[in-house]
Amino acid sequence: MSANDAPRAQQPSATYESAFLKACRREPVPHTPVWFMRQAGRSLPEYRKVREGIPMLESCMRPELVTEITLQPVRRHDVDAAIYFSDIVVPLKAIGVDLDIKPGVGPVVERPIRTRAALAQLRDLTPEDVSYVTEAIGLLTRELGATPLIGFAGAPFTLASYLVEGGPSRTYENAKAMMYGDPELWADLLDRLADITTAFLKVQIEAGASAVQLFDSWAGALAPVDYRRSVLPASAKVFEAVAGYGVPRIHFGVGTGELLNLMGEAGADVVGVDWRVPLDEAVRRVGPGKALQGNLDPTVLFAPTEAVEAKTREVLEAAAGLEGHVFNLGHGVMPSTDPDALTRLVEYVHTHTAH
717 MSANDAPRAQ
727 QPSATYESAF
737 LKACRREPVP
747 HTPVWFMRQA
757 GRSLPEYRKV
767 REGIPMLESC
777 MRPELVTEIT
787 LQPVRRHDVD
797 AAIYFSDIVV
807 PLKAIGVDLD
817 IKPGVGPVVE
827 RPIRTRAALA
837 QLRDLTPEDV
847 SYVTEAIGLL
857 TRELGATPLI
867 GFAGAPFTLA
877 SYLVEGGPSR
887 TYENAKAMMY
897 GDPELWADLL
907 DRLADITTAF
917 LKVQIEAGAS
927 AVQLFDSWAG
937 ALAPVDYRRS
947 VLPASAKVFE
957 AVAGYGVPRI
967 HFGVGTGELL
977 NLMGEAGADV
987 VGVDWRVPLD
997 EAVRRVGPGK
1007 ALQGNLDPTV
1017 LFAPTEAVEA
1027 KTREVLEAAA
1037 GLEGHVFNLG
1047 HGVMPSTDPD
1057 ALTRLVEYVH
1067 THTAH
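Residue numbers (this note's numbering): 717 to 1071.
Here it is as structure tokens:
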């Protein structure tokens, strides 16, 4: 299905008037909405209990388990949105790429893609490949009621980095070597990944996700000129392809202070900001017409409550002039974070910003 064939925005759902979706649309909110990247995960003892003995990728393919894990932080923290529990490599696994998520390492690809012939590993993703996603989101939206569900996917550059490197990397030497040395192969790889990512997001939206976030976790490794030339077209293709659904589109990466305007230009409605750039500076870089998401440093949560509240006020004050603000951390919740610190943070933001 092309972008032109995408369904237009559906009638407002039970989630339409939620604080989270209002903020994404840059409308007035009753309080600043809060959710956390990695809010469903290892920081929660109930998560560790239900995941015990179940490999990560397998846990992503069990609809009842996905539903329970996704709901856990909503119950515990009273966050304003749930985020679908999955992993960015799930669509790659679903189309037959030989990969696994190794504890303490991350995704490891058995046969890295470094030649044109190796591109054959990447066939189109169909809804049938991820039927468990459709089932899980159906279960979730019934349970969540008026609380929005955020769907997500990995951005083409970040997926390409894993596929070319064969696993996590600090330097991305193989990916960058392809990007600089064989720009046609690189462009074809990212274009194919854009189609796979689009298909994965469409499955989630059509099943009932109220918003989607594109994680370009490693885009901060790029200079702006390289991002514009070699990455932005593929991300823009994804955002354009889901535009017709009318759900907010969020774009996030780490260390992307120099790329914020380009990440907004790629087509997101909401630009995620990590903790390195204050939100009042971020809005200047992104430009008008976008909401911002962020951006408390995740490590602040290890400090005493008074310090957490002081740093939270700094974020909220920097966000005071924004058209739309979704409070979040500047990256994911760290596994050793005290869950009670997150619960207190949600309550503090809600109380401090209530109108």
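The beta carbon of each residue, even a glycine, is placed where N, CA and C say it ideally should be.
Check for me: the beta strand (DSSP E) holding residue i runs from which residue to which?
i        : result
Val-987  : 986-988
His-1041 : 1041-1045
Pro-823  : 822-825
Ala-982  : Unbroken run through Ala-982: none, as it is neither H nor E.
Ala-1007 : 1007-1012
Leu-1038 : From DSSP, Leu-1038 is part of no beta strand (DSSP E); its letter is neither H nor E.
Is residue i near residue j, with beta carbons less than 8 Å apart?
i        : j        : result
Val-1062 : Val-750  : yes
Ile-829  : Gln-929  : no
Ile-817  : Val-825  : no
Asn-1044 : Gly-1010 : yes
Ala-739  : Val-1042 : yes
Ala-735  : Gly-861  : no
Gly-1049 : Met-772  : Sequence inspection shows Val at residue 1049; the Gly mentioned does not correspond to that position. No; because the gap between Cβ atoms is not below 8 Å, this pair is not in contact.
Tyr-1064 : Glu-1025 : yes
Leu-1008 : Ala-998  : yes
Leu-875  : Leu-841  : no
Asp-996  : Gly-1046 : no
Could you give the DSSP three-state label for residue i: helix, strand or coil?
i        : result
Asp-840  : coil
His-747  : coil
Leu-1072 : The structure shown does not extend to residue 1072, since the chain is modelled only from 717 to 1071, so the question has no answer here.
Leu-816  : For the record, residue 816 in the displayed sequence is Asp; it is not Leu. It is a strand residue.
His-1066 : helix
Distance, Cα to Cα, residue i vs residue j?
i        : j       : result
Ala-937  : Arg-965 : 22 Å
Ser-1052 : Gly-757 : 10 Å
Ala-984  : Ala-927 : 11 Å
Ala-925  : Lys-892 : 34 Å
Ile-811  : Thr-850 : 16 Å
Pro-807  : Ser-877 : 15 Å
Val-795  : Tyr-896 : 42 Å
Gln-837  : Ser-951 : 21 Å
Ser-802  : Val-782 : 8 Å
In terms of residues, what are the limits of the alpha helix (DSSP H) holding residue i?
i       : result
Gln-920 : 899-923
Arg-886 : Premise fails: Arg-886 is in no alpha helix (DSSP H) and is neither H nor E.
Ala-950 : 948-957
Ile-853 : 847-860
Gln-929 : Here Gln-929 belongs to no alpha helix (DSSP H); instead the beta strand (DSSP E) covers 927-931.
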